[in-house]
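Using our numbering, the first residue of the first sequence is number 10, and each one after it goes up by one.
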Amino acid sequence: MKRRIAEVYKALSRAYGPQDWWPAEDAFEMMVGAILIQHTAWPNAEKALDNLRREGLLEPQRLLRISGPRLAALIRPAGMPRVKTKRLGNFLRWYQKQGGFEDLQRRATPDLRSELLAVNGIGRETADDVLVYAFRRPVFVVDAYARRIFRRFGLISGAEGYEEIRRRIEGAMPDDPHRLGEFHALLVAHGKATCRSRPLCDGCCLRRRCARNLEG
DNA sequence: ACCCAGGGTCATA
DNA sequence: TATGACCATGGG
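Next up, the structure:
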């Protein structure tokens with residue numbers, strides 16, 4: 010099964026090429042984006058980020074200062090503005106208490122992960138996004154696309170929990186942040202390319218696009 | 001008019 | 001552990 014996982018990665022990599030995630034200027038913007046993207050399409054989150062950038066607010070201090078209602082108005086395109094305003098606030102207050110990015114970077118991955126998960130509004134997927142793309146830790150992000158696509162490939166049954174899937178993929182791949190980050194990005198690319206408006210997608214184009222690649 | 005998106009929390013059983 | 005309600009905008 011380990012081999013099969015590696016083959017799927019290779020096939021996706023050949024089919025879609027380098028993804029170079031996360032699309033952000035710096036680590037802080039990435040982390041803000043990770044909260045904004047929750048249950049939203051990327052263009053919506055990007056509009057919210059553009060609004061913040063235009064106002065010069067993509068810095069921890071600035072973002073901490075402004076009022077809740079103003080922040081909510083700026084991030085509204087990302088959806089759930091009041092919820093995400095709270096979550097950003099929780100994250101920013103936590104981040105402020107730390108000794109800066111460098112200090113966080115020195116922490117062991119499991120400790121850093123626990124810290125992130127302790128922030129209300131940061132769940133496993135968001136935490137793992139931050140770990141792999143901002144802190145470059147060797148972590149695999151399990152999202153809805155990963156579950157669907159892996160199930161179609163027979164890599165999982167569908168009953169596995171988040172941590173179990175993460176453990177399987179991490180165990181089958183090199184301990185390499187870049188590779189694991191690419192894997193997640195490739196799954197999103199493939200999901201967007203094939204499965205939009207077809208969530209269950211029986212007999213999906215995955216076969217057309219990927220079975221061929223897997224054979225070759 | 002409906003369904004969904006690169007989720008997460010909280011209440012409930 | 002496992003559902004369900006809720007958040008809420010923008011695109012197909």
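Glycine included, C-beta positions come from ideal geometry on N, C-alpha and C.
Given residue i as reference, the closest of the options once Cα atoms are compared
i, options, result
"N60", "A43, M39, L73, P86", "P86"
"G88", "Y171, L45, T118", "L45"
"R133", "R63, R177, E172", "E172"
"L198", "L164, D152, S166", "With the sequence shown as reference, residue 198 is identified as Ala, and Leu is not the correct amino acid for it. The residue with the shortest Cα to Cα distance from A198 is D152."
"P32", "G98, D185, L58, K93", "L58"
"E16", "A181, R161, K201", "A181"
"P147", "A127, L126, I165, A117", "A117"
"R13", "G163, I131, D185, R176", "G163"
"P10", "G170, G65, I165", "Just to set this straight, residue 10 is Met in the shown sequence, not Pro. Cα-wise, what sits closest to M10 is I165."
"R62", "P183, H48, E34, Q47", "E34"
Whether residue i touches residue j by CB criterion (7 Å)
i, j, result
"L73", "E38", "no"
"W240", "A194", "With the chain represented from 10 up to 225, any question about residue 240 goes unanswered, as that position is not in the structure."
"E179", "F149", "yes"
"A81", "T94", "yes"
"P90", "I84", "yes"
"P69", "Y104", "yes"
"N99", "N53", "no"
"A36", "F110", "yes"
"D138", "A43", "yes"
Rounded distance between the beta-carbons of residue j and residue i, thought under 8 Å
i, j, result
"L101", "Q107", "The Cβ separation is near 11 Å, so there is no contact."
"G196", "A155", "According to the sequence as given, residue 196 is Leu; it is not Gly. About 5 Å; that satisfies the 8 Å criterion."
"R161", "G200", "Between G200 and R161 the Cβ distance is about 11 Å, and since that is not below 8 Å, they are no contact."
"V41", "L97", "7 Å"
How do the segment 23-31 and the segment 112-123 stand: do at least 3 beta-carbon pairs fall below 8 Å, yes or no?
-> no
Touch test, the segment 136-156 against the segment 182-192, Cβ-Cβ under 8 Å, three pairs minimum = yes
Within the segment 78-142, note down every full alpha helix (DSSP H) run reaching 4 residues or more, in order along the chain.
-> For the segment 78-142, whole alpha helix (DSSP H) runs of length 4 or above, ordered along the chain, are 90-106, 109-114, 118-127, 133-138.
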